[in-house]
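Under my numbering, think of the first position of the sequence shown as 1, with each following residue one higher.
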Amino acid sequence: MTDTATEAPDARLDQLVAALRAQIPDSGELPPERVLCDQLQVTRHLLRKALRVLREAGEIRETRSGRRAAGGTGAVSALSPKRMVQSTNPFEVMEMRLMIEPSLARLAALRASPDEIAKIVEAASSAPHMTPSEADQAFHRAIAAGARNSLASELNFLLHCVQTDARLRFTDSDADARTTEARVRDRDAAHRAIAEAIAARDPAGAAEAMRAHLSAMQAKLMGRLGLTGFEPG
């Protein structure tokens with residue numbers, strides 16, 4: 001792919017995002033920027049814009065520096081979301097989210113910097129240039145970043161990778177094409193309640209708002225299959 005001035009900027013960005021997406025391994029870690037620029041023949045500026053799109057969509061990991069970035073051989077990195085999909089189901093995913101994400105929201109209320117809180121508040125309202133799933137990923141990743149716990153953030157990333165795999169969707173009602181404006185409004189309202197508690201430095205309120213949000217999602221998942229009252233396990 002070439003970074004030519006004759007193509008519209010949005011078209012070049014979309015092409016680059018698609019090219020990068022095709023290269024994402026199970027670990028969610030791409031080669032260094034220098035290598036990608038050489039491979040794809042693009043400028044560093046355009047590459048970073050495309051990487052940001054993928055990070056906000058939860059498709060790749062945050063870039064790290066130092067020895068942790070060079071190693072990439074830790075237990076979490078070795079886990080493959082694609083393999084994990086084969087041995088789990090949506091109920092287990094929601095159970096894990098309910099275990100992890102209220103705690104992340106609580107930590108974000110305690111630890112997030114003013115800049116991180118601003119990003120959480122901004123991400124609580126779906127950006128018009130994002131798909132519904134991308135906007136949802138951006139919000140939850142902003143909270144994970146604000147929690148300032150790198151291991152929890154890695155686990156959360158892995159969990160969302162598993163959740164977004166199409167093989168875990170019962171019907172196409174989970175797809176972006178079937179997500180209605182009303183559903184986006186309801187979800188954004190729940191996200192804003194969480195963000196407001198974090199911005200107010202209210203850890204208990206943030207955790208409870210996140211728990212209520214995820215519990216509502218879990219109830220909808222069960223209701224879709226007529227499993228109201230069903231106890232997954």
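Just so you know, even glycine gets a beta-carbon here, dropped at the ideal spot from N, CA and C.
Could you work out which residue in Ala-197, Ile-198, Asp-186 and Arg-192 is closest to Met-217 when comparing CA atoms only?
Asp-186
What residue range does the alpha helix (DSSP H) around Glu-29 cover?
No alpha helix (DSSP H) holds Glu-29; DSSP gives it neither H nor E.
For Ala-127 and Ala-135, the rounded distance between their alpha carbons:
6 Å
Provide the residue span of the alpha helix (DSSP H) that contains Ser-103, from first to last.
90-111
With DSSP collapsed to three states, give me the class of Gln-218.
helix
Starting from the C-beta of Ala-147, find all residues in its chain whose C-beta is less than 6 Å away, skip the five residues before and the five after it, and write them out in chain order.
Leu-104, Leu-107 and Ala-108
Just tell me which of Ala-22, Ala-112, Gln-23 and Leu-155 has its CA closest to the CA of Val-93.
Leu-155
Do you know whose CA, among Ala-200, Ala-193 and Gly-223, lies nearest Arg-211's CA?
Ala-193
Is it buried or exposed for Pro-102, if we count other Cβ within 10 angstroms and need 16 for buried?
buried
Please list, in chain order, all residues of the same chain as His-191 whose beta carbon is under 7 Å from its beta carbon, the five residues on each side excluded.
Ala-124 and Phe-139
When the Cα of Cys-161 is compared with those of Leu-16, Arg-55, Pro-31 and Ala-11, which residue comes out closest?
Of Leu-16, Arg-55, Pro-31 and Ala-11, the residue nearest in Cα terms is Arg-55.
Apart from the five residues just before and just after Pro-203, which ones in its own chain have a Cβ nearer than 7 Å to its Cβ?
Arg-106, Ala-109 and Leu-110
Under the three-state reduction of DSSP, which class applies to Glu-116: helix, strand or coil?
helix
Going by CA-CA distance only, name the one from Ala-142, Lys-220 and Ile-60 that's closest to Asp-115.
Ala-142
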